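Visitor:
Protein chains in written order, with the working numbering: chain A, 651 to 966; chain B, 6 to 255; chain C, 1283 to 1569.
(1) Could you give the uninterrupted runs of the alpha helix (DSSP H) lying entirely in the segment 1530-1563 of chain C, keeping only those of 4 residues or more?
(2) Look up residue 118 (chain B) in the DSSP assignment and say whether it is helix, strand or coil.
(3) Relative to the C-alpha of residue 931 (chain A), which residue among C:1326, C:1340, C:1321, C:1396 is closest?
(4) Assuming the contact rule is C-beta atoms closer than 8 Å, residue 1355 (chain C) and residue 1445 (chain C) should be a hit. Round their C-beta distance to whole Å, please.
(5) On a Cα-Cα basis, can you pick out the residue from B:117, B:191, B:42, B:19 that is closest to residue 243 (chain B)?
(6) Alpha carbon to alpha carbon, how far is residue 659 (chain A) from residue 957 (chain A)? Give it in angstroms, no decimals.
(7) Would you mind telling me which residues of chain B sit closer than 9 Å to residue 845 (chain A), beta carbon to beta carbon, in chain order?
(8) Can you give me the Cβ contacts of residue 1552 (chain C) inside the same chain, cut-off strictly under 7 Å, excluding the 5 residues immediately before and after it?
(9) Distance check for residue 720 (chain A) and residue 761 (chain A), CA to CA, integer angstroms please.
(10) Could you tell me which chain C residues have their CB closer than 7 Å to the CB of residue 778 (chain A), listed as they occur along the chain?
(11) From residue 1478 (chain C) to residue 1372 (chain C), what distance separates their C-alpha atoms?
(12) What does residue 77 (chain B) reach in chain A if we use C-beta pairs closer than 9 Å?
(13) From the DSSP secondary-structure annotation, give me the bridge partner or partners of residue 233 (chain B).
(14) Identify, in the order they occur along the chain, each residue of the same chain with its Cβ nearer than 8 Å to the Cβ of residue 1406 (chain C), setting aside the five sequence neighbours on each side.
(15) Which same chain residues, not among the five before or five after residue 1469 (chain C), have their C-beta less than 8 Å away from its C-beta?
(16) Specify the secondary structure class of residue 63 (chain B) as computed by DSSP and reduced to three states.
(17) Any residues in the segment 110-132 of chain B with a beta carbon nearer than 7 Å to a beta carbon of chain A? Which ones, in chain order?
(18) Taking the straight line between their C-alpha atoms, what separation do you get for residue 1541 (chain C) and residue 1549 (chain C)?
(19) Taking a contact to mean a Cβ-Cβ separation below 8 Å, would you say residue 1 (chain B) touches residue 35 (chain B) in this structure?
(20) Using a threshold of 8 Å, state whether the C-beta atoms of residue 54 (chain B) and residue 17 (chain B) are closer than that.
(21) Assuming residue 632 (chain A) contacts residue 851 (chain A) (C-beta within less than 8 Å), just tell me the rounded distance between them.
(22) Measuring CA to CA, which of A:698, A:685, A:672 is closest to residue 904 (chain A)?
(23) Let me see if you follow: with CB-CB separation under 8 Å, is residue 783 (chain A) close to chain B or not?
(24) Please state the DSSP three-state secondary structure of residue 255 (chain B).
(25) With a CB to CB cut of under 7 Å and the five nearest residues on each side skipped, what residues in its chain are close to residue 255 (chain B)?
(26) Check whether chain A comes within 8 Å of residue 1517 (chain C), counting only Cβ atoms and requiring the distance to be less than that.
(27) With distances taken between CB atoms, is the gap from residue 207 (chain B) to residue 49 (chain B) smaller than 8 Å?
(28) Using a beta-carbon distance below 8 Å, is residue 731 (chain A) in contact with chain B?
(29) Label residue 20 (chain B) either buried or exposed according to how many other C-beta atoms from any shown protein chain fall within 10 Å of its C-beta, with 16 as the threshold for buried.
(30) Using a Cβ cut-off of 8 Å, pull out every chain C residue sitting near residue 894 (chain A), in sequence order please.
(31) Going straight from the alpha carbon of residue 1408 (chain C) to that of residue 1299 (chain C), what length do you get?
(32) Can you pull the chain B residues whose beta carbon is under 7 Å from the beta carbon of residue 831 (chain A), in chain order?
(33) Residue 1376 (chain C) versus chain A: which residues are under 7 Å apart at the beta carbon?
(34) Can you list, in chain order, the residues of its chain whose CB lies under 8 Å from that of residue 1316 (chain C), leaving out five sequence neighbours each side?
(35) Can you tell me whether residue 961 (chain A) is buried or exposed, with buried defined as 16 or more other CB within 10 angstroms of its CB?
(36) Among all the DSSP beta bridges, which residues are the ones paired with residue 1419 (chain C)?
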């Protein structure tokens, strides 16, 4: 069983974003976005990789967090960033809690439809409530106050990057704790033996409600984080495209591995930034092909591939 | 003295097909009771009705004084009713120790603990290892369940049930698939359970049934044919005709 | 009052179209237990095929319909044999990812060949305009649509209830192992049903260009609607899909007509409410 102690590879992993801060000062804005999306991916891995819930509408919580932070800052003059971040998390958690009761019942198809439906519902609502959200044009005019009254957000994105990295790291540590705990073990139990869990006395529904709420909260914080670092919220935060791409990131990196979600998000966003700028149609086609190939061939995504390499290296 | 288990008129009907018709059964605390019958007699359905994984069309289930008919499966487990499955229903991707530890944690409530690592829960881990030792599974503690041979998986199936410290244990063909030489071991473990644990087991192996059961109920076509001591059952003409007779001819 | 009837009729026509396309999806999900999010792509290509036939080869509109049915159905059969078949036992996640991948590829291909904009459709003269039925003005095209779908439904009903193939399908839906044990070539049944379903989708795509529109984002835009029909109606049922499609069609058209500010919000809300009340669908079977 996992002892919970940090392995050297993990420490090395977390030094990479720190190094990037110094090595790529011109890419810090992209970097902040990657960090926010990585947090979003982490939240999906909790429900997808560990509890086994296939959700096509996780962007719903991301969007709720984003718009909460956005509205607080742009419309209601609240500029304190940390509390706005927390508010985004709380709103998303409340929505997640309510939605969870729908998600834990029914067949796979029903679950898929409900998660999809909630995402679309919110997208439409945000679209129609343009007086509030800015509709298709998006919500701009956000301004961030200083973090803890000390660090202001500059144009180059230095503060934003450190801010994003810190939030990601803190939440990652907490999620990692959760995964290694008995609660995390029970999540894996639900994933590995859904039928056996009630037979050993596990209240499966309540577990799923709990983990879904937590995942929604983290997604909400990620959304708020992205809103704050880009100072803009567009309708696409609620889009199906977002939910689908997020699932791709998690599976690409390797679901149920925690680091897989972050790795997948980083790789995906870097490649997307590079390729879709060239030709969006190509990007979509190759992405589709990658998905098909991944399902037919690759098991375990990037983390699985890394594992295989490591195993081969050990044998030599 | 209150019965440990009381099933009253349990009926399960699907359209025109009655899997269980008006099945009643009473078990005294500490009973060692076997449930036998030909394939398709509705024995597993009966267990499913008792545990709550199937809702009955009619009838009630009582665990001691408590009426449990409306309770969910996991609530009944908390009250002391645990079952094993005819087909291994395990946590394929978890190790043996993790699986049993999970069951122990669910019982003690540790499963809601999200702050400490599972490994640091020494009390639950020790209990899990002890249980593995009694079933001679301790050498496989770190093996992933799906890599175990079938016989050992069957033992894990039983370990998971025992980890919940049941007061009423419902075993669905516990020896199925275990090599004949080792079935005695399994039953020895079960026989070694405290005398106040009530056991109802479905079995096809008549030798084991007659060795361990104090009373036997025979089910045919979804109904109870008769209940009695092993002697009464083996000498009953109807039972012979329906069930034991076929076995003797075979 | 006549506007209400008009709206209802438009809703029914819209629903009929959705039913035609979604039927294949209901079959796939009920029969093979396979979540095919790429179903809309088959409908889309049926539409594009019809447009190409009409503009490039001057084929009359009505003639494009059976061609779309056959060609797309054949393509579906090939896809089933080569790709889909491998994933019948796969996890829902794998099926979702796989079919999303196919969807992305289809959209990209369609954009590459035809560009992202709406395809124009010129209906033949006899289908344009309106006709007065019992004092209400109804669109000729929509009347044709409803009649066409009714005819197809009757044919399907006959196929399922009266032919040997139909009884094989019903057996395979009820209990796959038992059907195989009886000597029914289940894999062939699957291929044919998949082909039938995708053929109908292609047919619906061609038939419905004027009502649903056709552009390269069609599969994603309408994916929800098709899934909705199947989820609400209950996978594997024909009448379930029909009822769900009609309800959906009416609510969508009526919603957009009477409460345009709400947009598609009503539909999604309706779906969530219905799925809460009927987790297995209106006519779904609980496995």
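Yeah, the Cβ is synthetic: ideal placement off N, Cα and C, and Gly gets one too.
Every value quoted in this text rests on a predicted model; they were computed, and no experiment measured them.
Guide: Per the coordinate set shown:
(1) 1547-1559
(2) Indexing the second chain from 1 puts residue 118 (chain B) at position 113. Three-state result, residue 118 (chain B): coil.
(3) What you label residue 931 (chain A) is simply residue 281 of the first chain in a count that begins at 1. The shortest Cα separation from residue 931 (chain A) among C:1326, C:1340, C:1321, C:1396 belongs to C:1396.
(4) In the third chain, the residue the question calls residue 1355 (chain C) occupies position 73. In the third chain, the residue the question calls residue 1445 (chain C) occupies position 163. At roughly 17 Å, the Cβ-Cβ gap does not stay under 8 Å, so residue 1355 (chain C) and residue 1445 (chain C) are not in contact.
(5) As a first step, residue 243 (chain B) is located in the second chain; it is residue number 238 there, counting from the start. Nearest of B:117, B:191, B:42, B:19 to residue 243 (chain B), Cα basis: B:42.
(6) For the purposes of this step, residue 957 (chain A) is identified with residue 307 of the first chain, where counting begins at 1. For the purposes of this step, residue 659 (chain A) is identified with residue 9 of the first chain, where counting begins at 1. Approximately 12 Å, taken between the alpha carbons.
(7) If you number the first chain from 1, residue 845 (chain A) lands on position 195. What residue 845 (chain A) touches in chain B: 58, 90, 94.
(8) If you number the third chain from 1, residue 1552 (chain C) lands on position 270. Closer than 7 Å at the Cβ level, and outside the excluded window around residue 1552 (chain C), lie 1533.
(9) Your numbering for residue 761 (chain A) matches position 111 in the first chain. Your numbering for residue 720 (chain A) matches position 70 in the first chain. One C-alpha to the other measures close to 30 Å.
(10) Numbered from 1 along the first chain, position 128 holds the residue referred to as residue 778 (chain A). Within chain C, the residues near residue 778 (chain A) are 1543, 1544, 1545, 1547.
(11) Here residue 1478 (chain C) refers to the residue found at position 196 when the third chain is read from its first residue. Here residue 1372 (chain C) refers to the residue found at position 90 when the third chain is read from its first residue. If I take the Cα positions, the gap works out to 23 Å.
(12) For the purposes of this step, residue 77 (chain B) is taken as residue 72 along the second chain, with counting starting at 1. Going along chain A in sequence order, the residues near residue 77 (chain B) (Cβ under 9 Å) are 848, 853, 855.
(13) As a first step, residue 233 (chain B) is located in the second chain; it is residue number 228 there, counting from the start. Paired residue(s): B:221.
(14) What you label residue 1406 (chain C) is simply residue 124 of the third chain in a count that begins at 1. Only 1342, 1343, 1344 meet the Cβ criterion.
(15) Residue numbering aside, residue 1469 (chain C) sits at position 187 when the third chain is read from its first letter. The residues are 1367.
(16) Counting from one through the second chain, the residue named residue 63 (chain B) turns up at place 58. If DSSP states are grouped into helix, strand and coil, residue 63 (chain B) belongs with the strands.
(17) 110, 111, 112, 115, 116, 117, 118, 119, 120, 121, 122, 123, 124, 126
(18) Counting from one through the third chain, the residue named residue 1541 (chain C) turns up at place 259. Counting from one through the third chain, the residue named residue 1549 (chain C) turns up at place 267. Cα-Cα distance, rounded: 12 Å.
(19) Nothing about residue 1 (chain B) can be reported from this structure: the residues present for chain B run from 6 to 255 only.
(20) Residue mapping note: residue 54 (chain B) aligns to position 49 of the second chain, counting from 1. Residue mapping note: residue 17 (chain B) aligns to position 12 of the second chain, counting from 1. Going by C-beta atoms, residue 54 (chain B) is nearer than 8 Å to residue 17 (chain B).
(21) Residue 632 (chain A) lies beyond the range of chain A shown here (651 to 966); nothing can be said about it.
(22) Position 254 of the first chain, counted from the first residue, corresponds to residue 904 (chain A). When each option's Cα is compared against that of residue 904 (chain A), the closest is A:698.
(23) Residue mapping note: residue 783 (chain A) aligns to position 133 of the first chain, counting from 1. No - not a single Cβ of chain B is within 8 Å of the one on residue 783 (chain A).
(24) Residue mapping note: residue 255 (chain B) aligns to position 250 of the second chain, counting from 1. Any reading at residue 255 (chain B) must be qualified, since the residue scores a pLDDT of 43, below 50, and its modelled position is unreliable; no value is offered.
(25) Along the second chain, read from residue 1 onward, the residue named residue 255 (chain B) stands at position 250. Because the pLDDT of residue 255 (chain B) is 43, which lies under 50, any placement of that residue in the model is unreliable, and the question is left without a value.
(26) Translated into positions along the third chain, residue 1517 (chain C) becomes position 235. Yes, its Cβ sits closer than 8 Å to a Cβ of chain A.
(27) Reading the second chain from its first residue, position 202 is the one you call residue 207 (chain B). Reading the second chain from its first residue, position 44 is the one you call residue 49 (chain B). Yes, these two residues count as a Cβ contact at 8 Å.
(28) Your numbering for residue 731 (chain A) matches position 81 in the first chain. Not one chain B Cβ lies under 8 Å of residue 731 (chain A).
(29) Here residue 20 (chain B) corresponds to residue number 15 of the second chain, with the count starting at 1. When all chains shown are included, residue 20 (chain B) counts as exposed.
(30) The residue labelled residue 894 (chain A) in the question sits at position 244 within the first chain. In chain order: 1382.
(31) Position 126 of the third chain, counted from the start, is the residue given in the question as residue 1408 (chain C). Position 17 of the third chain, counted from the start, is the residue given in the question as residue 1299 (chain C). Their Cα atoms are separated by approximately 20 Å.
(32) For this step, residue 831 (chain A) is matched to residue 181 along the first chain. Under the 7 Å cutoff, chain B gives 118, 119, 120, 121, 122, 123.
(33) As a first step, residue 1376 (chain C) is located in the third chain; it is residue number 94 there, counting from the start. 945, listed in chain order.
(34) Here residue 1316 (chain C) is taken as the residue at index 34 of the third chain, counted from 1. 1310, 1366, 1369, 1370, 1377, listed in sequence order.
(35) As a first step, residue 961 (chain A) is located in the first chain; it is residue number 311 there, counting from the start. Exposed: under 16 other Cβ atoms inside 10 Å.
(36) Residue mapping note: residue 1419 (chain C) aligns to position 137 of the third chain, counting from 1. Answer by DSSP bridge pairing, in chain order: C:1414.
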